[in-house]
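For the sequence shown, the positions run 2 to 155 when the working numbering is used.
Written out below as C-alpha coordinates is the structure these notes cover.
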Amino acid sequence: MIATFGAGCFWGVESLFRAIPGVTDVVVGYTGGKRENPTYEQVCTGVTGHAEAVEVTYDESLVSYEKLLEVFWANHNPTTPNQQGPDKGTQYRSVIFFHDEAQQTKAEASVLKVQQKWERPIVTEIVPAVTFYPAEDYHQRYFEKRGIAPTCHI
2 MIATFGAGCF WGVESLFRAI PGVTDVVVGY TGGKRENPTY EQVCTGVTGH
52 AEAVEVTYDE SLVSYEKLLE VFWANHNPTT PNQQGPDKGT QYRSVIFFHD
102 EAQQTKAEAS VLKVQQKWER PIVTEIVPAV TFYPAEDYHQ RYFEKRGIAP
152 TCHI
(Lines of atoms letter the chains of each structure in order from A and count residues from 1; the text may use other names and numbers.)
(Lines give C-alpha, C1' and ligand atoms only; values in the text may rest on other atoms or scores of the structure.)
Protein backbone atom coordinates (compact mmCIF):
# COMPACT_ATOMS: atom_id res chain seq x y z
CA MET A 1 0.00 0.00 0.00
CA ILE A 2 1.00 3.61 -0.57
CA ALA A 3 0.36 6.67 1.59
CA THR A 4 1.50 10.21 0.73
CA PHE A 5 1.97 13.08 3.17
CA GLY A 6 3.35 16.61 3.19
CA ALA A 7 4.37 17.95 6.59
CA GLY A 8 7.17 20.43 6.05
CA CYS A 9 10.77 19.62 5.20
CA PHE A 10 10.69 16.14 3.71
CA TRP A 11 14.00 14.99 5.21
CA GLY A 12 12.63 14.86 8.74
CA VAL A 13 9.30 13.41 7.67
CA GLU A 14 11.11 10.64 5.75
CA SER A 15 13.16 9.76 8.82
CA LEU A 16 10.05 9.47 11.01
CA PHE A 17 8.20 7.14 8.68
CA ARG A 18 11.28 4.96 8.01
CA ALA A 19 11.37 4.13 11.73
CA ILE A 20 7.88 2.60 11.76
CA PRO A 21 7.77 -1.21 11.70
CA GLY A 22 5.79 -2.29 8.65
CA VAL A 23 6.96 0.62 6.50
CA THR A 24 8.97 -0.93 3.69
CA ASP A 25 10.09 2.20 1.85
CA VAL A 26 9.88 5.98 1.96
CA VAL A 27 10.68 8.22 -1.00
CA VAL A 28 10.93 12.00 -0.73
CA GLY A 29 9.62 14.05 -3.59
CA TYR A 30 7.19 16.59 -4.93
CA THR A 31 3.47 16.36 -5.62
CA GLY A 32 0.33 18.43 -5.82
CA GLY A 33 1.58 21.01 -8.29
CA LYS A 34 1.39 21.89 -11.94
CA ARG A 35 4.92 21.44 -13.32
CA GLU A 36 5.97 18.04 -14.68
CA ASN A 37 9.29 16.68 -13.39
CA PRO A 38 10.01 19.63 -11.09
CA THR A 39 13.44 20.16 -9.56
CA TYR A 40 14.16 21.08 -5.97
CA GLU A 41 15.16 24.56 -7.05
CA GLN A 42 11.85 25.04 -8.88
CA VAL A 43 9.76 23.72 -5.98
CA CYS A 44 11.61 26.00 -3.55
CA THR A 45 10.39 29.06 -5.45
CA GLY A 46 6.81 28.17 -4.52
CA VAL A 47 5.55 28.77 -8.05
CA THR A 48 5.18 25.11 -9.08
CA GLY A 49 2.40 24.44 -6.57
CA HIS A 50 4.12 21.25 -5.41
CA ALA A 51 4.52 20.26 -1.79
CA GLU A 52 7.61 18.58 -0.43
CA ALA A 53 6.13 15.17 0.37
CA VAL A 54 6.90 11.59 1.25
CA GLU A 55 5.52 8.53 -0.48
CA VAL A 56 5.31 5.78 2.12
CA THR A 57 5.10 2.14 1.06
CA TYR A 58 3.79 -0.04 3.85
CA ASP A 59 2.62 -3.55 4.63
CA GLU A 60 -1.00 -3.29 5.76
CA SER A 61 -0.70 -6.51 7.73
CA LEU A 62 2.01 -4.89 9.90
CA VAL A 63 0.98 -1.24 10.13
CA SER A 64 -2.34 0.45 9.53
CA TYR A 65 -3.06 3.63 7.63
CA GLU A 66 -4.49 4.97 10.90
CA LYS A 67 -1.08 4.48 12.55
CA LEU A 68 0.58 6.40 9.72
CA LEU A 69 -1.96 9.19 10.23
CA GLU A 70 -1.10 9.26 13.95
CA VAL A 71 2.58 9.72 13.14
CA PHE A 72 1.72 12.42 10.60
CA TRP A 73 -0.40 14.40 13.07
CA ALA A 74 1.99 14.00 16.01
CA ASN A 75 5.03 15.33 14.20
CA HIS A 76 4.09 18.66 12.69
CA ASN A 77 1.87 21.67 13.32
CA PRO A 78 -1.28 21.28 11.22
CA THR A 79 -2.54 24.78 12.15
CA THR A 80 0.08 26.85 10.35
CA PRO A 81 -0.74 27.47 6.70
CA ASN A 82 2.27 27.03 4.42
CA GLN A 83 4.78 26.83 7.26
CA GLN A 84 6.52 24.32 9.48
CA GLY A 85 9.01 25.81 11.94
CA PRO A 86 11.28 28.23 10.08
CA ASP A 87 10.34 26.78 6.67
CA LYS A 88 7.81 28.99 4.90
CA GLY A 89 6.05 28.60 1.57
CA THR A 90 3.36 26.52 -0.08
CA GLN A 91 5.87 23.71 -0.58
CA TYR A 92 5.84 23.19 3.23
CA ARG A 93 2.07 22.97 3.60
CA SER A 94 0.36 20.29 5.66
CA VAL A 95 -1.37 17.90 3.28
CA ILE A 96 -2.64 14.35 3.03
CA PHE A 97 -2.82 12.96 -0.50
CA PHE A 98 -5.30 10.09 -0.42
CA HIS A 99 -5.03 7.17 -2.85
CA ASP A 100 -8.53 5.75 -2.49
CA GLU A 101 -11.87 6.38 -0.85
CA ALA A 102 -10.92 4.44 2.29
CA GLN A 103 -7.87 6.65 2.86
CA GLN A 104 -9.96 9.76 2.27
CA THR A 105 -12.55 8.65 4.83
CA LYS A 106 -9.91 7.79 7.42
CA ALA A 107 -8.01 11.03 6.85
CA GLU A 108 -11.16 13.14 7.17
CA ALA A 109 -12.18 11.31 10.35
CA SER A 110 -8.72 11.82 11.82
CA VAL A 111 -8.98 15.60 11.41
CA LEU A 112 -12.04 15.68 13.65
CA LYS A 113 -10.24 13.65 16.29
CA VAL A 114 -7.02 15.67 16.15
CA GLN A 115 -8.78 19.06 16.09
CA GLN A 116 -9.72 18.53 19.75
CA LYS A 117 -6.02 18.84 20.65
CA TRP A 118 -5.53 22.23 18.99
CA GLU A 119 -6.98 25.64 19.82
CA ARG A 120 -6.47 26.95 16.29
CA PRO A 121 -8.21 25.36 13.30
CA ILE A 122 -6.41 22.63 11.41
CA VAL A 123 -5.53 23.80 7.89
CA THR A 124 -4.29 20.46 6.55
CA GLU A 125 -5.45 19.81 3.00
CA ILE A 126 -6.94 16.40 2.20
CA VAL A 127 -6.76 15.96 -1.56
CA PRO A 128 -6.56 13.17 -4.13
CA ALA A 129 -3.08 11.85 -4.84
CA VAL A 130 -1.66 12.97 -8.18
CA THR A 131 1.64 12.27 -9.88
CA PHE A 132 4.47 11.95 -7.37
CA TYR A 133 7.90 13.02 -8.60
CA PRO A 134 10.80 11.55 -6.60
CA ALA A 135 13.27 14.20 -5.50
CA GLU A 136 16.86 14.19 -6.66
CA ASP A 137 19.00 11.35 -5.31
CA TYR A 138 20.90 13.54 -2.86
CA HIS A 139 17.62 14.20 -1.02
CA GLN A 140 16.79 10.48 -0.54
CA ARG A 141 17.83 9.19 2.92
CA TYR A 142 19.42 12.58 3.48
CA PHE A 143 20.27 12.19 7.18
CA GLU A 144 21.25 8.55 6.83
CA LYS A 145 23.73 9.33 4.03
CA ARG A 146 25.34 12.03 6.14
CA GLY A 147 25.41 10.06 9.38
CA ILE A 148 23.61 12.77 11.29
CA ALA A 149 20.55 12.75 13.50
CA PRO A 150 17.38 14.18 11.97
CA THR A 151 17.31 17.91 12.66
CA CYS A 152 14.58 19.27 10.38
CA HIS A 153 11.88 21.32 11.99
CA ILE A 154 8.65 19.48 11.41
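Built from N, CA and C at the ideal position, the CB exists for glycine as well.
Alpha carbon to alpha carbon, how far is V112 from F98? Give it in angstroms, no decimals.
-> In the sequence shown, the residue the question calls residue 98 occupies position 97. In the sequence shown, the residue the question calls residue 112 occupies position 111. One C-alpha to the other measures close to 14 Å.
Residues that I97 bridges to, as DSSP identifies them = The residue given as residue 97 occupies position 96 in the sequence shown. DSSP lists F6 and I127 as partners of I97.
Nonlocal neighbours in the same chain, by C-beta distance under 7 Å from Y135, ignoring five residues either side | Translated into positions along the sequence shown, residue 135 becomes position 134. Reading off the sequence, residue 135 comes out as Pro, not Tyr. Closer than 7 Å at Cβ, skipping near neighbours: V28 and G30.
Under 8 Å, do V57 and V96 count as touching if we go by C-beta distance?
-> Counting from one through the sequence shown, the residue named residue 57 turns up at place 56. Counting from one through the sequence shown, the residue named residue 96 turns up at place 95. Not a contact, by the Cβ cut-off of 8 Å.
Kindly indicate the opening and closing residues of the beta strand (DSSP E) around Y134.
-> The sequence position of residue 134 within the sequence shown is 133, counting from 1. F133 to P135 is the extent of the beta strand (DSSP E) around Y134.
Taking one C-beta from the segment 2 to 17 and one from the segment 114 to 122 each time, how about it: are there three or more such pairs within less than 8 Å?
-> no
Nonlocal neighbours in the same chain, by C-beta distance under 6 Å from R142, ignoring five residues either side | On the sequence shown, residue 142 is found 141 positions in, with the first residue counted as 1. Excluding residues within five positions, none has a Cβ falling inside 6 Å.
Helix, strand or coil at K89 [DSSP, three-state] | The count along the sequence shown starts at 1 and reaches residue 89 at position 88. Correct three-state label for K89: strand.
Is there contact between the segment 10 to 25 and the segment 98 to 109, where contact requires at least three CB pairs shorter than 8 Å?
-> no
Got a sec? Which residues, its chain only, sit under 7 Å from L63 by beta carbon, not counting five neighbours each side?
-> By 1-based counting over the sequence shown, the position of residue 63 is 62. Result list for L63: P22 and G23, in chain order.
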